[in-house]
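Protein sequences, first through last, are from chains A and B. Under the working numbering, read the first sequence as residues 1 to 154, first letter to last. Under the working numbering, read the second sequence as residues 1 to 154, first letter to last. Please read the structure below before turning to the comments.
There are 2 protein chains.
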Amino acid sequence: MNVEFINPFITALKNVTSMMAQTELQPGKPQLKGDQFSRGDISGVIGMVGPSMQGSLSITFEEKLALHIMEKMLGEKVSELNEEVADMVGEITNMICGGAKKNLSEKGHEFNMATPAIITGKNHTINHQVDGPRIIMPFQAESGKAYIEICFNK
Amino acid sequence: MNVEFINPFITALKNVTSMMAQTELQPGKPQLKGDQFSRGDISGVIGMVGPSMQGSLSITFEEKLALHIMEKMLGEKVSELNEEVADMVGEITNMICGGAKKNLSEKGHEFNMATPAIITGKNHTINHQVDGPRIIMPFQAESGKAYIEICFNK
Chain A
1 MNVEFINPFI TALKNVTSMM AQTELQPGKP QLKGDQFSRG DISGVIGMVG PSMQGSLSIT
61 FEEKLALHIM EKMLGEKVSE LNEEVADMVG EITNMICGGA KKNLSEKGHE FNMATPAIIT
121 GKNHTINHQV DGPRIIMPFQ AESGKAYIEI CFNK
Chain B
1 MNVEFINPFI TALKNVTSMM AQTELQPGKP QLKGDQFSRG DISGVIGMVG PSMQGSLSIT
61 FEEKLALHIM EKMLGEKVSE LNEEVADMVG EITNMICGGA KKNLSEKGHE FNMATPAIIT
121 GKNHTINHQV DGPRIIMPFQ AESGKAYIEI CFNK
């Protein structure tokens with residue numbers, strides 16, 4: 001995978017949570033991911049399709065971080081991963097992918113985004129059906145961790 | 001949602017399992033789905049994006065039906081929902097969506113398909129982030145049940 005593809009997603013997530021929820025995420029080191037287990041409790045997954053490329057992105061949040069972001073955005077306490085939290089994760093998934101799309105488009109990598117689906121469930125797995133390596137990018141906030149996974153066929 | 005959109009997916013799934021795995025699926029009555037719980041143990045989810053439409057499809061299999069289909073395709077016993085079964089569900093997801101895409105394109109409804117992601121996990125939920133009603137189509141085979149869910153914004 002083109003390493004150029006990694007930073008736009010890191011920047012997009014940091015910007016989105018900082019702007020929308022005053023939550024600062026510290027990015028860790030991107031790594032290859034060998035298994036299918038989601039590291040978090042609620043995940044957004046979105047497909048990307050362009051004339052010469054296919055990709056899949058997922059972002060997953062530990063429950064306490066997802067609830068913290070929701071609380072910051074709403075201004076009130078949220079106690080479970082309900083449909084409103086799923087919608088919020090969907091919105092963040094769209095915004096990260098949209099932010100990275102804009103950045104990558106300026107570098108000549110064009111793709112369209114599908115709509116995200118949001119997955120919950122203890123120990124769920126997500127298997128991206130794209131023929132390429134999977135990169136996982138960890139993020140740490142005070143209230144928990146988040147991870148972006150991307151997989152492109154080029 | 002346009003009811004024209006339902007039958008192409010039913011036909012595509014019946015054809016795919018019949019051809020690939022000599023497994024006959026009896027379709028039940030399509031219904032509106034009000035909750036987010038997946039009815040099966042392993043699901044494929046794929047986004048569809050066109051000039052004037054957005055859609056999301058998921059197909060889910062009960063474990064025993066997924067293992068039965070895998071066994072029929074490989075000619076050997078499979079005992080767990082491993083990565084090969086995930087790839088098989090990904091392939092079926094692509095084929096159903098591709099079959100319906102061809103049919104709907106002939107009726108003037110154009111969309112591109114993203115790549116699928118495969119989800120496993122007991123009691124997982126899938127929340128399609130498309131602004132439209134969700135239709136669930138049940139299927140019964142001798143060895144278990146499968147369900148297609150589709151959601152379109154028109």
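Glycine is no exception: its CB is placed at the ideal position from the N, C-alpha and C atoms.
{"Check": "Considering only their Cβ atoms, is the gap separating isoleucine 150 (chain B) from isoleucine 135 (chain B) smaller than 8 Å?", "Outcome": "yes"}
{"Check": "Grab the span of the beta strand (DSSP E) containing glycine 144 (chain A) for me, first residue to last.", "Outcome": "144-152"}
{"Check": "Check each candidate in A:Met20, A:Asn7, A:Ser18, A:Asn94 and name the one with the smallest Cα separation from glycine 28 (chain A).", "Outcome": "A:Asn7"}
{"Check": "Between histidine 159 (chain B) and chain A, is any beta-carbon pair separated by less than 8 Å?", "Outcome": "Here chain B covers residues 1 to 154 and nothing more, so residue 159 (chain B) does not appear."}
{"Check": "Measure from the C-beta of lysine 122 (chain A) to each C-beta in chain B and report whether the shortest distance is under 8 Å.", "Outcome": "yes"}
{"Check": "In chain order, which beta strand (DSSP E) runs of at least 3 residues are fully inside the stretch 36-77 of chain B?", "Outcome": "42-49, 54-61"}
{"Check": "Write down the C-beta distance between methionine 113 (chain B) and glycine 98 (chain B) rounded to the nearest angstrom, noting that I regard them as a contact closer than 8 Å.", "Outcome": "7 Å"}
{"Check": "Would you call the CB atoms of lysine 154 (chain B) and asparagine 2 (chain B) closer than 8 Å?", "Outcome": "yes"}
{"Check": "Taking only beta-carbon positions, decide if alanine 114 (chain B) is within less than 8 Å of chain A.", "Outcome": "yes"}
{"Check": "For phenylalanine 163 (chain B), report the span of its alpha helix (DSSP H) as first-last.", "Outcome": "This structure does not reach residue 163 (chain B), given that chain B is present from 1 up to 154, and the question cannot be answered."}
{"Check": "Under the rule that 16 or more other beta-carbon atoms within 10 Å means buried, what is leucine 32 (chain B), buried or exposed?", "Outcome": "exposed"}
{"Check": "Cβ atoms of alanine 146 (chain A) and isoleucine 59 (chain A): under 8 Å apart, would you say?", "Outcome": "yes"}
{"Check": "Should the stretch 60-80 of chain A be called in touch with the stretch 74-93 of chain B, which here means at least 3 C-beta pairs below 8 Å?", "Outcome": "no"}
{"Check": "Name, in chain order, the residues that DSSP records as bridge partners for glutamine 26 (chain A).", "Outcome": "A:Gln140"}
{"Check": "Report the residue from A:Gly40, A:Met20, A:Leu13 whose alpha carbon sits nearest the alpha carbon of glutamate 62 (chain A).", "Outcome": "A:Gly40"}
{"Check": "Restricting to Cα atoms, I'd like to know which of B:Ala66, B:Val49, B:Gly47, B:Ser52 is closest to phenylalanine 139 (chain B).", "Outcome": "B:Ala66"}
{"Check": "Less than 7 Å between C-beta atoms, sequence neighbours within five positions excluded: which residues of the same chain meet that for glutamate 24 (chain A)?", "Outcome": "Ser18, Ala141"}
{"Check": "Select from the stretch 122-140 of chain B all residues with a C-beta closer than 8 Å to any C-beta belonging to chain A, and list them in chain order.", "Outcome": "Lys122, Asn123, His124, Thr125, Ile126, Asn127, His128, Gln129, Val130"}
{"Check": "Report yes if the CB atom of lysine 64 (chain A) is closer than 8 Å to the CB atom of glycine 121 (chain A), and no otherwise.", "Outcome": "no"}
{"Check": "Could you give the C-beta distance for phenylalanine 9 (chain A) and isoleucine 92 (chain A), rounded to a whole number, given that I count them as a contact under 8 Å?", "Outcome": "The Cβ separation is near 12 Å, so there is no contact."}
{"Check": "Less than 8 Å between CB atoms is the rule here; does isoleucine 59 (chain B) satisfy it with respect to chain A?", "Outcome": "no"}
{"Check": "So what's leucine 104 (chain B) in DSSP terms, helix, strand or just coil?", "Outcome": "helix"}
{"Check": "Reducing DSSP to helix, strand and coil, say where alanine 114 (chain B) ends up.", "Outcome": "coil"}
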